[in-house]
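Residue numbers (the working numbering), protein chains in the order written: chain A, 22 to 302; chain B, 22 to 302; chain C, 22 to 302; chain D, 22 to 302.
In what follows, a single structure is set out as structure tokens and then discussed.
Number of protein chains: 4
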Amino acid sequence: MAANLLKANPGNVVVYDISKDSVSALVEKGASAASSPADLARRCDVLITMVPATQHVSGLLRGPDGMFANAKKGSLFIDCSTIDPIASKELCAEAKKMGLNMIDAPVSGGVTGAAAGTLTFMVGGTAEDLDSARPALGAMGKNIVHCGPAGTGGVTKLANNLALAISMIGTAEAMTLGTKLGMDPKVLASVMNTSTARCWSSDSYNPVPGVMPNVPSSRDYSGGFGSALMEKDLTLAMDASKSVKARLPLGASAHQLYGLLCQHGFGGKDFSSVYEFLNKK
Amino acid sequence: MAANLLKANPGNVVVYDISKDSVSALVEKGASAASSPADLARRCDVLITMVPATQHVSGLLRGPDGMFANAKKGSLFIDCSTIDPIASKELCAEAKKMGLNMIDAPVSGGVTGAAAGTLTFMVGGTAEDLDSARPALGAMGKNIVHCGPAGTGGVTKLANNLALAISMIGTAEAMTLGTKLGMDPKVLASVMNTSTARCWSSDSYNPVPGVMPNVPSSRDYSGGFGSALMEKDLTLAMDASKSVKARLPLGASAHQLYGLLCQHGFGGKDFSSVYEFLNKK
Amino acid sequence: MAANLLKANPGNVVVYDISKDSVSALVEKGASAASSPADLARRCDVLITMVPATQHVSGLLRGPDGMFANAKKGSLFIDCSTIDPIASKELCAEAKKMGLNMIDAPVSGGVTGAAAGTLTFMVGGTAEDLDSARPALGAMGKNIVHCGPAGTGGVTKLANNLALAISMIGTAEAMTLGTKLGMDPKVLASVMNTSTARCWSSDSYNPVPGVMPNVPSSRDYSGGFGSALMEKDLTLAMDASKSVKARLPLGASAHQLYGLLCQHGFGGKDFSSVYEFLNKK
Amino acid sequence: MAANLLKANPGNVVVYDISKDSVSALVEKGASAASSPADLARRCDVLITMVPATQHVSGLLRGPDGMFANAKKGSLFIDCSTIDPIASKELCAEAKKMGLNMIDAPVSGGVTGAAAGTLTFMVGGTAEDLDSARPALGAMGKNIVHCGPAGTGGVTKLANNLALAISMIGTAEAMTLGTKLGMDPKVLASVMNTSTARCWSSDSYNPVPGVMPNVPSSRDYSGGFGSALMEKDLTLAMDASKSVKARLPLGASAHQLYGLLCQHGFGGKDFSSVYEFLNKK
Numbered sequence: 022m023a024a025n026l027l028k029a030n031p032g033n034v035v036v037y038d039i040s041k042d043s044v045s046a047l048v049e050k051g052a053s054a055a056s057s058p059a060d061l062a063r064r065c066d067v068l069i070t071m072v073p074a075t076q077h078v079s080g081l082l083r084g085p086d087g088m089f090a091n092a093k094k095g096s097l098f099i100d101c102s103t104i105d106p107i108a109s110k111e112l113c114a115e116a117k118k119m120g121l122n123m124i125d126a127p128v129s130g131g132v133t134g135a136a137a138g139t140l141t142f143m144v145g146g147t148a149e150d151l152d153s154a155r156p157a158l159g160a161m162g163k164n165i166v167h168c169g170p171a172g173t174g175g176v177t178k179l180a181n182n183l184a185l186a187i188s189m190i191g192t193a194e195a196m197t198l199g200t201k202l203g204m205d206p207k208v209l210a211s212v213m214n215t216s217t218a219r220c221w222s223s224d225s226y227n228p229v230p231g232v233m234p235n236v237p238s239s240r241d242y243s244g245g246f247g248s249a250l251m252e253k254d255l256t257l258a259m260d261a262s263k264s265v266k267a268r269l270p271l272g273a274s275a276h277q278l279y280g281l282l283c284q285h286g287f288g289g290k291d292f293s294s295v296y297e298f299l300n301k302k
Numbered sequence: 022m023a024a025n026l027l028k029a030n031p032g033n034v035v036v037y038d039i040s041k042d043s044v045s046a047l048v049e050k051g052a053s054a055a056s057s058p059a060d061l062a063r064r065c066d067v068l069i070t071m072v073p074a075t076q077h078v079s080g081l082l083r084g085p086d087g088m089f090a091n092a093k094k095g096s097l098f099i100d101c102s103t104i105d106p107i108a109s110k111e112l113c114a115e116a117k118k119m120g121l122n123m124i125d126a127p128v129s130g131g132v133t134g135a136a137a138g139t140l141t142f143m144v145g146g147t148a149e150d151l152d153s154a155r156p157a158l159g160a161m162g163k164n165i166v167h168c169g170p171a172g173t174g175g176v177t178k179l180a181n182n183l184a185l186a187i188s189m190i191g192t193a194e195a196m197t198l199g200t201k202l203g204m205d206p207k208v209l210a211s212v213m214n215t216s217t218a219r220c221w222s223s224d225s226y227n228p229v230p231g232v233m234p235n236v237p238s239s240r241d242y243s244g245g246f247g248s249a250l251m252e253k254d255l256t257l258a259m260d261a262s263k264s265v266k267a268r269l270p271l272g273a274s275a276h277q278l279y280g281l282l283c284q285h286g287f288g289g290k291d292f293s294s295v296y297e298f299l300n301k302k
Numbered sequence: 022m023a024a025n026l027l028k029a030n031p032g033n034v035v036v037y038d039i040s041k042d043s044v045s046a047l048v049e050k051g052a053s054a055a056s057s058p059a060d061l062a063r064r065c066d067v068l069i070t071m072v073p074a075t076q077h078v079s080g081l082l083r084g085p086d087g088m089f090a091n092a093k094k095g096s097l098f099i100d101c102s103t104i105d106p107i108a109s110k111e112l113c114a115e116a117k118k119m120g121l122n123m124i125d126a127p128v129s130g131g132v133t134g135a136a137a138g139t140l141t142f143m144v145g146g147t148a149e150d151l152d153s154a155r156p157a158l159g160a161m162g163k164n165i166v167h168c169g170p171a172g173t174g175g176v177t178k179l180a181n182n183l184a185l186a187i188s189m190i191g192t193a194e195a196m197t198l199g200t201k202l203g204m205d206p207k208v209l210a211s212v213m214n215t216s217t218a219r220c221w222s223s224d225s226y227n228p229v230p231g232v233m234p235n236v237p238s239s240r241d242y243s244g245g246f247g248s249a250l251m252e253k254d255l256t257l258a259m260d261a262s263k264s265v266k267a268r269l270p271l272g273a274s275a276h277q278l279y280g281l282l283c284q285h286g287f288g289g290k291d292f293s294s295v296y297e298f299l300n301k302k
Numbered sequence: 022m023a024a025n026l027l028k029a030n031p032g033n034v035v036v037y038d039i040s041k042d043s044v045s046a047l048v049e050k051g052a053s054a055a056s057s058p059a060d061l062a063r064r065c066d067v068l069i070t071m072v073p074a075t076q077h078v079s080g081l082l083r084g085p086d087g088m089f090a091n092a093k094k095g096s097l098f099i100d101c102s103t104i105d106p107i108a109s110k111e112l113c114a115e116a117k118k119m120g121l122n123m124i125d126a127p128v129s130g131g132v133t134g135a136a137a138g139t140l141t142f143m144v145g146g147t148a149e150d151l152d153s154a155r156p157a158l159g160a161m162g163k164n165i166v167h168c169g170p171a172g173t174g175g176v177t178k179l180a181n182n183l184a185l186a187i188s189m190i191g192t193a194e195a196m197t198l199g200t201k202l203g204m205d206p207k208v209l210a211s212v213m214n215t216s217t218a219r220c221w222s223s224d225s226y227n228p229v230p231g232v233m234p235n236v237p238s239s240r241d242y243s244g245g246f247g248s249a250l251m252e253k254d255l256t257l258a259m260d261a262s263k264s265v266k267a268r269l270p271l272g273a274s275a276h277q278l279y280g281l282l283c284q285h286g287f288g289g290k291d292f293s294s295v296y297e298f299l300n301k302k
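Okay, here's the thing in structure tokens:
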């Protein structure tokens, strides 16, 4: 993502990461390195953050050494992390109180999409802030979707991935049932793909090895979106469900099933490997 | 279905049903009535059966008064019932031994599709038998899909509906989570429909009232495919899974959830009413 | 079981099995061998059957070469198999019509209980037939429970094992949660055993290695009641639930979970190994 | 609980509550009223807290107006709330740093046990602190169980209630299956209670109306421990499972099922009403 930003803004990107190697790699491509998150906040007008979890975003932005306290008035924060959307909403409100602007813009499309610059950004925030963010987002991704006010970028990502996990497992189960009962998996997939079971998991990312070329299931479930990452997103979705008492019976089961995949060594495999988990010999 | 057959074959359709009213209605349109299933078998070359459950098909076809024993050699049986696909396979084998031909051709598309003649037939059997069946099937439906040998029509239908039930519940849960967290359901659906959560349940049959016109959710879940029928198909899918030891964790939970819908008065509502069940006030 | 029968009735036991070794072993201990099930039926007044599945019982008892057709009028059949209780009820009714008596008497207590003669028999049938069966049952087991009319022996066994599977998994999950959060498993078990989580799975058969001596969990889950057998009983329970529309959401999930254990190599381990499955490293 | 404390320590109890009526009722019985939590902290050596949720305990104890900052050095805090056990552990550590002592002592036994002084306290903390707490705890409860270091009182309560919820649902499902298949529920319960399905939910709190007198199921599920409270404890258990990656497949399903009970109007009924939910007509 940073590499694509650099291509679009040569000489105009400042970077910070706890991994010195990542920083060096970008400096070689023309980025300058900040000495701390606060330093970075002082030097830039548009600040993009992407870290693993809610507490990391909070730690990065809040406090006297945080980016909020050290940013120029009117700066725009774009948080691309996938975190608790209720926390995102609170952070956006805090930014506003401090004279800053902020949108949440979690991303989908995976490592491949990041390299190719074809990511999708799901954006929560005001239309004005989104407009200011478009040049930066457009350098890194292809689809920029405005989901509503602050926090709704994350809500959309979690809701999408919840439905995705469930439909992937559902596709894997249907393919398991069909092939165990003697069907050719390609024929079964082709019928499902023109019928009511049609879904992205079946028609664009089929979990059965050999049904489609160029998807993780056809290269031993390598690449793609790991089961451990799906487990993490489902944890966030289940967490978010508590505060609003959303009842998610299949979501809860899908979350546990991906937990079992992780426990049994499938955490690093693509999340379509649930088919292999169900059919393990 | 019979009415469409009659349109295509005026004066050439014989009917039998335990409901005298159904028979009279068709006789008025030009059908002749058979006095029994055996009588019907003696009078026709192509025999279409459609009854609620495995034991009914078995009772209709087997035994000295059954249709098999009374059919002309070389007759073609087309069973459109949704039943245990292992039983279908056995019945096709018995038919063959008695000098008869048989395909299983369960149907999807609902009452609306049946009236409009736009049903989909999922056919298991030999290519030759399917070719002989095409004129009859073509009079009643639009899509005729050859799924493989005997029994695979039913396997395909059950696998499809298993994935469908799961993706419908998954869509309903994602929409529940998103709307409870403050999203506009139309916006959430539109993002999901162009992302990885895209599926028929979301983009063609959205379960949230008001998101799409002309679907059951926008007319208080009336019409469509009832939860009780979905529960029945899931029972068949779970049954079929046992003999081949297919592991269907979400399928089993979806089956129980539709069972609870039936228990709580949602059996006659469209199966997308799982959204209402999860959000009941 | 047959060895204990022989001890109680020396010189008065006739045996039949498809395994010649099993027959020889008993003949050495003083049993006579029957040449077929029909031969056995002709020679005995009390006939005990114990086979793996519903279709085996049906095959053994029905038909011209079956035990029913060849038994002396007034004989007493005791079926100790764990099978579909609705089928048991039908078989008992058929026996009565043929002038025979029959009870269903499935057994619990495992291989250890069988060897020690301490099995529990759960009996469905008339009080008179149960009284006639007492000498035979008393030779093989310690507890003989009258559950109600024909079929209820099997119903009781399936209901008991359904609750057992669920409470074993529940105990394993509670112990997993507690120990992962830093508790000593012995302390946690001792509190649970005097509180509302008290159950046989926790206080008599604890699934965590080292909490109790002399249970399968403390000998690498060997001996005991295999996960594959529990999966079989849960299959029967889920089957029986269909006809009466009993809603069993946790039962369905427990069934699938034991299916996954079998799929992942735990089928031959004791069913308390669900703890190991959840905590696998 | 406060009333029993007063009986044991007449003239020596100071109380605070946001409900003035609750305070007045205790003042009439001889308690003095504190003007704030900080006031209470300044006046007492042993401080008992019991509030609904983690954030309330945190709010009460932390900050310049909190009880920690205003307590005498060496005071003993006893928190009887059921909250996140990881938060309990952190609070105990903070107390220690401030020269205070603290144990977590969540309680089971319900409203009835509180009135009768027969509660069970599950205590996490040092043996010395527990010894100092015994007079106060002994005035309110009958069983005082030392579960281990700080936080383990809460861990034990959550693990116990997780297993309890699951075994209650399992018992309800087994009774549903058995009675729908024609068993007398009293007979079925009596066999289960002497067999491997034996558990507190079955032998001391049976969920089927009429099986036992004096339990909630026999008074239309009134009194007892509400489904909404069970749902709350399961939420805490599922939360606690995340940080340590405990896999709780049935726990997750039990949590969702109690969520559905709350959604469908069973929140105020005893948690054994899951039997009624499964059998609703």
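All C-beta atoms in this analysis are idealised placements derived from N, C-alpha and C, irrespective of residue type, glycine included.
Since the structure is predicted, the reported quantities are computational estimates derived from the model, not experimental observations.
query	result
Residue 131 of chain C, DSSP secondary structure in three states	helix
Stretch-stretch touch, CB-based, cutoff 8 Å, three pairs: the segment 151 to 166 of chain B with the segment 234 to 244 of chain B	no
8 Å contact criterion, which residue 299 of chain D and residue 197 of chain D should meet: CB distance rounded	5 Å
Straight-line Cα distance separating residue 175 of chain C from residue 117 of chain C	18 Å
Rounded C-alpha distance that separates residue 263 of chain D from residue 256 of chain A	7 Å
Inside the segment 271 to 302 of chain C only - beta strand (DSSP E) runs reaching at least 3 residues	none
Selection of the segment 245 to 262 of chain B by Cβ proximity to chain C, strictly under 8 Å	256, 259, 260
Residue 186 of chain C versus residue 87 of chain B: straight-line alpha-carbon distance, rounded	44 Å
Partner residues on chain A for residue 168 of chain B, Cβ-Cβ distance less than 8 Å	204, 208, 209, 212
Nearest-angstrom Cβ-Cβ length linking residue 291 of chain C and residue 247 of chain C, presumed shorter than 8 Å	7 Å
Residue 209 of chain D versus residue 180 of chain C: straight-line alpha-carbon distance, rounded	8 Å
Alpha-carbon spacing of residue 26 of chain B relative to residue 137 of chain B, whole angstroms	12 Å
Proximal residues to residue 92 of chain D (C-beta, below 7 Å), its chain only, five neighbours per side dropped	62, 68, 121
Residue 141 of chain C, enclosing beta strand (DSSP E) - first and last residue	140 to 145
Per DSSP, the bridge partner or partners of residue 122 of chain D	D:97
Option nearest residue 115 of chain C by Cα separation, candidates C:141, C:148, C:34, C:171	C:171
Residues sharing a beta bridge with residue 165 of chain A, DSSP	A:142
Heavy atom of the ligand GTP within 6 Å of residue 43 of chain D beta-carbon	Because no ligand of any kind appears in the structure shown, any question about the ligand GTP cannot be addressed here.
Residues of the segment 110 to 143 of chain D with Cβ closer than 8 Å to any Cβ of chain C, in chain order	129, 141, 143
Selection of the segment 263 to 282 of chain D by Cβ proximity to chain C, strictly under 7 Å	265, 267, 268, 269, 270, 271, 272, 274, 275, 278
Proximity winner among C:160, C:154, C:225, C:287, relative to residue 192 of chain C (alpha-carbon distances)	C:225
Residue 48 of chain B in three-state terms, based on DSSP	helix
Partners in chain D for residue 219 of chain C, counting only beta-carbon separations shorter than 7 Å	220, 221
Backbone secondary structure at residue 151 of chain D - three-state DSSP	helix
Residue-chain proximity (residue 284 of chain B, chain D), Cβ-Cβ < 7 Å	yes
Residue burial classification, residue 141 of chain C (beta-carbon count within 10 angstroms, cutoff 16)	buried
Contact check, residue 183 of chain D vs residue 288 of chain D, beta carbons under 7 Å	no
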